[in-house]
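>
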Amino acid sequence: HQGLDNAMEEVEGLKTEQLKQLEQVARLTVADAREIVFKKSEDEMKHELARRYWEIERSMQEEADQKARKVITMAIQRLASEVVSEHTTSVVPLPNDEMKGRLIGREGRNIKVLESLTGVDVIIDDTPEVVTISCFDPVRRETARLALQNLVQDGRIQPARIEDVVERAQKEMEEGLQKAGEKATFDAGVTGLNPDLVKLLGRLKYRYSYGENQLQHAVEVSLISGMLAAEIGANVDVAKAGGLLHDIGKALTHEVSGPHAEIGAEVAKKFGIHPEVHRAIMEHHDEDRGSVEAFLVAGADAISAARPGARKETLEHYVKRLSELEGVATSFPGIEKVFAIQAGREVRIMVKPDDVDDVTSTTLARDIAKKIEEDLVFPGQIKVTVIRETRNIEYAR
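Take the sequence shown: its letters are residues 110 to 506, numbered as in this note's numbering.
#1: Residue ranges of each alpha helix (DSSP H) run of no fewer than 4 residues wholly in the region 250-335, ordered along the chain?
#2: Ignore the nearest five residues each way along the sequence and tell me which others in residue 274's own chain have a CB closer than 6 Å to its CB.
#3: Taking just the CA atoms, how far does residue 241 sit from residue 338?
#4: For residue 448, does the count of other Cβ atoms within 10 angstroms reach 16, so buried, or fall short, so exposed?
#5: Hey, would you say residue 376 sits closer than 8 Å to residue 309, going by beta carbons?
#6: DSSP three-state label for residue 220, please.
#7: Taking only three categories from DSSP, how would you classify residue 432?
#8: Per DSSP, which one or two residues make a beta bridge with residue 448?
#9: Would you check if there are 3 or more beta carbon pairs closer than 8 Å linking the region 213-224 to the region 483-492?
#10: Less than 8 Å between the CB atoms is what I'm expecting for residue 249 and residue 228, so what's the real figure, rounded?
#11: My assumption, with CB atoms under 8 Å, is that residue 411 sits in contact with residue 391. Please give the rounded CB distance.
#12: Using alpha carbons as the reference points, say which of 335, 384, 406, 467 lies closest to residue 356.
#13: Let's see if you can read the secondary structure: which residues bound the beta strand (DSSP E) around residue 469?
#14: What three-state label does DSSP hand residue 229 in the structure shown?
#15: Name the DSSP beta bridge partners of residue 200, please?
#16: For the putative contact between residue 225 and residue 444, defined by C-beta atoms under 8 Å, what is the C-beta separation to the nearest angstrom?
#17: Where do the ends of the beta strand (DSSP E) carrying residue 496 lie?
#18: Would you mind reading off the limits of the alpha helix (DSSP H) that contains residue 387?
#19: Between which two residues does the alpha helix (DSSP H) harbouring residue 404 extend?
#20: Report buried or exposed for residue 145, applying the criterion of at least 16 other Cβ atoms within 10 angstroms of its Cβ.
#21: Do residue 414 and residue 403 have their C-beta atoms closer together than 8 Å?
#22: Which residue marks the beginning of the alpha helix (DSSP H) containing residue 351, and which one marks its end?
#23: Would you call residue 219 buried or exposed, if buried means 16 or more other Cβ atoms sit within 10 Å of its Cβ?
#24: In whole angstroms, what separates the C-alpha of residue 271 from that of residue 277?
#25: Hey, how far is the Cα of residue 538 from the Cα of residue 122?
#26: Return the residue from the list 354, 336, 298 that minimises the CA-CA distance to residue 312.
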């Protein structure tokens, strides 16, 4: 045993001596050599991991793109909708051409009353047995069409009667807006909305963006959002409600300033909408979106708008120009109503008689004309008409 122990010690001594000689030749310690080996292995592993990561990432991206295309394609295939183009005129048929003279009235007073109450252009020309109503605002145009239709059927055409009929047509329009909103919520499968919000939604039936009907677009976006949400496991109810209400800000008039997404989100919030739906409405045009449903609504909005024939540019620019023209006049105090007529060649302003007297109305017309010149670019000239109407009513008893 003693001999074996001595031999082992000798072997260990030789190994130690060899290591020392190796360190001297290589000018490296064992610890340094170990560090070099580890470093080389680490670099090789990093390179291999980076290559593997890149391959996996590319594979996942391709797979994600394929799945996204599949989900979107399935949603589009499941949705069938019509394309409805916008017009700026409506036609009312007449029983005979004699009715044209009665509609115009003595010195044109009947037609003037109708135009001033509804804010439209009533065009009576040589076209047999029809009257054309022209206005860029579809709600005003439809109100005038209903009023004119009722007047023709009734046969009693004089200023006081025209006022009654227009008032009734406006009420009829309000009821129609409510029904249109309710039908949209039913078609989209969205429940639990405030009735006033539903009525506001109904106004989109008479609003167009690039020639695309906004209520039809809202229902379409709602359905696509819901389908996409169901495919990826997001909240279907939030996505559908967000899609239906994403453009609710467009239902408000030009008197409310600001981006339609922000306006719509604030209105929806006022009517007690779910916070996630509010977020989807607010963020559907933002680059930085905080919720999955907001991304889905934005995607569905883009899909709906990208359909062939869905949108047209020219009409949108025309409507925007007339809205801006009315907006300039509305910014002055004492204004009651503003109507841009004659394709924007005339702006007719109704003032509050208690706030604006005859002298001030002259100055007001000049100030509005000056502001239009400063703020807007337009061909030719724009006629600014300020109308101040006073009424004194007494009853004989």
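Just so you know, even glycine gets a beta-carbon here, dropped at the ideal spot from N, CA and C.
Inspection of the coordinates gives the following:
#1: 268-297, 304-311
#2: 256, 259, 260
#3: 45 Å
#4: buried
#5: yes
#6: The answer is helix: DSSP assigns residue 220 an H, G or I state.
#7: helix
#8: Beta-bridge partners of residue 448 (DSSP): 457.
#9: no
#10: 5 Å
#11: Distance from residue 411 to residue 391 at the Cβ level is roughly 17 Å; contact not present, criterion being Cβ atoms closer than 8 Å.
#12: 406
#13: Run containing residue 469: none in the beta strand (DSSP E); it sits in the alpha helix (DSSP H), 467-484.
#14: coil
#15: 241
#16: Going by Cβ atoms, the distance from residue 225 to residue 444 rounds to 14 Å, so no, they are not a contact pair.
#17: 492-496
#18: Annotation for residue 387: the continuous alpha helix (DSSP H) segment containing it runs 384-392.
#19: 401-414
#20: Of the other Cβ atoms in all chains shown, fewer than 16 fall within 10 Å of the Cβ of residue 145; this residue is therefore exposed.
#21: no
#22: 345-354
#23: Counting C-beta atoms within 10 angstroms of its own C-beta, residue 219 has 16 or more neighbours from the protein chains shown and is therefore classed as buried.
#24: 10 Å
#25: No answer is possible for residue 538: it lies beyond the span of the chain, which begins at 110 and ends at 506.
#26: 354
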